[in-house]
Amino acid sequence: MGGPNRDVRMSLQTLRVLEAFLENPTEQLSGADVQKRSGLASGTLYPILLRLESAGWFVSRWESIDPSSAGRPRRRLYRLTPTGLARASEVFASFGRGVPA
Amino acid sequence: MNSLDIRAALPAAAVSDEALWWVEAFVRRLIQHAARNAPPSLSQRLEEEWLADLAARRGQMSRLRLAIGCCWATRVITREHVAANVPATASATGNEIMTASAHYDSSFVPRRTTAVVLIVCLHGVLIYSLATGLVHKMAAVIPPLMQVGVTEDVPAHHPPPPPLQPNLAPTRLEVPEPSFTVDAPSDADTLRGAPLEQPQPPPPSPPKALNRVPGGPGKGFPNTDDYYPAASRRLGEKGIASVRVCVDASGRLTADPMITQSSGSTRLDEGALTLAKAGSGHYRATTEDGRPVNACYPFRIRFEFRD
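Order-wise, the sequence lines are chains W and H. Be aware that the first sequence starts at 451, since it is given in the numbering used here, and climbs by one per residue. Be aware that the second sequence starts at 260, since it is given in the numbering used here, and climbs by one per residue.
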């Protein structure tokens, strides 16, 4: 049922998540980073990240570090896909806001 | 050993560290619990991801909020059945890219419907209450708020003394003429006769009546309302207390005021004393013939509700 690139229902919270990524579309962000930028609560943020990932707007991977030498656990990093970037740009353009710089 | 003994026995720092440790353990357990309640294919990934994000958080409250948020996220994720379509790709090497198809459901509809139903029910209860007069019954049970008003009862002011009319009539003092006789000595060497009578001093004049005007609370004296004890207001206490104050010529207290007649309430008496002390410097001094003098006098303070 459904597949990548499926339309995502836009909510204000989803737009804030996308806006956090569009500050630098090539940047990879962890959930904590997105939370700092968007100000969303974790209960709202993680379902949106999974939803956008399921829709093919994001891809995610584990951080490439050695947790024992880094002294912290590895983080899950999210990144906009080209499709996600194009769709997010369309969404912001349709709202008349343009893509955040 | 009671709690006070425990506090005394343990250093505060140790207690604080232990509390922080318990909070930290609780937060981690909460996140693990939330992740394990997620769909099995996502459980391991979410636990690791959320614990990593937890490590990036600073502050116990922030970490606790994250943990509670994760519990909520688990509910939403489970409801959306993302796990049915999203393969978990957590691996030790950690470089795989996860892509998946999305499954959308109408998860917000039931919540929204529930909220609407709740609101409708609350309105129904409210309308029913209004229709059956329940609100009126409750209003009758609840005692009305006590209307409190305080009137300042400053003792009746004495009319200002009439201007003194200078008594210009000369006062004649009746001084008895000293009468004595001197018998001239027949011989200059001998004196004869009774010793000379000393002249009698004039009798003391009767004390002159003073025009004395007792003092009282004067201009700028504090308002009784400000010193009405709050407890007395709530209890509906009212009364009149007589207070004796000693005031100097400048209107300042020279001694602590005293209750000479109780109002019947210790609280009101204390309020009256506090008011009397606060009024120091704002008393009208007692005057004698128009001159302010040091004097003590009583006055009454009335604590009363205004209609």
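Beta carbons are placed, not taken as given, at the ideal position from N, Cα and C, and that holds for glycine.
- Interface residue (Cβ-Cβ distance to chain W less than 9 Å): H:VAL384 is not classified as such.
- For H:CYS329, the nearest beta carbon of chain W is closer than 9 Å to its own beta carbon.
- Taking a C-beta distance under 9 Å as the contact criterion, H:GLU339 and W:LEU500 qualify as a contact pair.
- Cβ proximity to chain H below 8 Å picks out ALA491, SER492, GLY493, THR494, LEU495, TYR496, PRO497, LEU500, ARG501, GLU503 and SER504 from the region 490-504 of chain W.
- In the pairwise beta carbon analysis, the region 296-303 of chain H is classified as not touching the region 460-478 of chain W: fewer than three pairs are separated by under 8 Å.
- The bridge partners DSSP lists for W:ARG466 come to none.
- Within the region 475-486 of chain W, those residues whose Cβ lies closer than 7 Å to any Cβ of chain H are, in chain order, SER480, GLY481 and ALA482.
- With contacts defined by Cβ atoms closer than 9 Å, W:TRP507 and W:LEU479 do not form a contacting pair.
- Around the beta carbon of H:VAL375, a 10 Å sphere encloses fewer than 16 other beta carbons of the protein chains shown; the residue is thus reported as exposed.
- In the DSSP assignment, the residues bridged to H:CYS505 are H:CYS555.
- Its chain contains LEU289 and ALA293 as the residues whose beta carbon lies nearer than 7 Å to that of H:CYS330, once the 5 sequence neighbours on both sides are disregarded; these appear in chain order.
- Between H:THR545 and H:GLY495, the CB-CB gap reaches or exceeds 9 Å.
- Scanning H:GLU277, H:CYS380, H:ARG559 and H:ARG543 for the CA closest to the CA of H:ARG471 turns up H:ARG543.
- Under the Cβ distance rule, W:ARG537 does not count among the residues neighbouring chain H, no pair being separated by less than 9 Å.
- Buried is the label assigned to H:GLY530, since at least 16 other Cβ atoms lie within 10 Å of its Cβ.
- In the three-state reduction of the DSSP assignment, H:TRP309 falls in the helix class, which pools H, G and I.
- Using a Cβ-Cβ cut-off of 9 Å, W:GLU540 does not count as an interface residue toward chain H, since no Cβ of chain H sits closer than that to its own.
- The beta carbon of H:THR337 sits closer than 8 Å to those of ASN296, ALA297 and PRO298, all from its chain and outside the five residues before and after it, given in chain order.
- Check the Cα spacing between W:LEU502 and each of W:PHE542, W:ALA543 and W:TYR528: the tightest is with W:TYR528.
- With contact defined as three or more Cβ pairs closer than 8 Å, the region 554-561 of chain H and the region 495-512 of chain H are in contact.
- For the pair H:GLU308 and W:GLY481, the CB atoms are nearer than the 9 Å cut-off.
- Among the CB atoms of chain H, none fall inside 9 Å of the CB of W:PRO532.
- The beta carbon of H:ASP312 falls within 9 Å of a beta carbon belonging to chain W, placing the residue at that interface.
- Of the residues assessed, H:TRP280 falls on the exposed side of the cut-off, its CB having fewer than 16 other CB atoms within 10 angstroms.
- Shown here is that no member of the region 467-497 of chain H has a Cβ falling below 7 Å from a Cβ of chain W.
- Here the C-alpha atom of H:PHE564 lies approximately 56 Å from the C-alpha atom of H:ALA326.
- Straight through space, the alpha carbons of H:ARG493 and H:ARG561 are spaced by roughly 17 Å.
- Taking a Cβ-Cβ threshold of 8 Å, none of the residues of chain W is close to H:ALA531; the smallest such distance is about 57 Å.
- In the three-state reduction of the DSSP assignment, W:VAL509 falls in the strand class, which pools E and B.
- Restricting attention to W:ARG511, W:SER519 and W:LYS486, the CA atom closest to the CA of H:ARG317 is found in W:LYS486.
- The beta carbons of H:PRO481 and H:ALA390 sit no closer together than 9 Å.
- Taking CB atoms only, W:ARG466 has no neighbour in chain H less than 9 Å away.
- By the C-beta density criterion, H:TYR486 is buried, having at least 16 other C-beta atoms within 10 angstroms.
- When Cβ-Cβ separations below 9 Å define contact, H:ALA537 makes no contact with chain W.
- Closest in alpha carbon position to W:PRO532, among W:VAL509, W:SER461, W:LEU490 and W:THR494, is W:VAL509.
- Taking CB atoms only, H:ILE336 has a neighbour in chain W less than 9 Å away.
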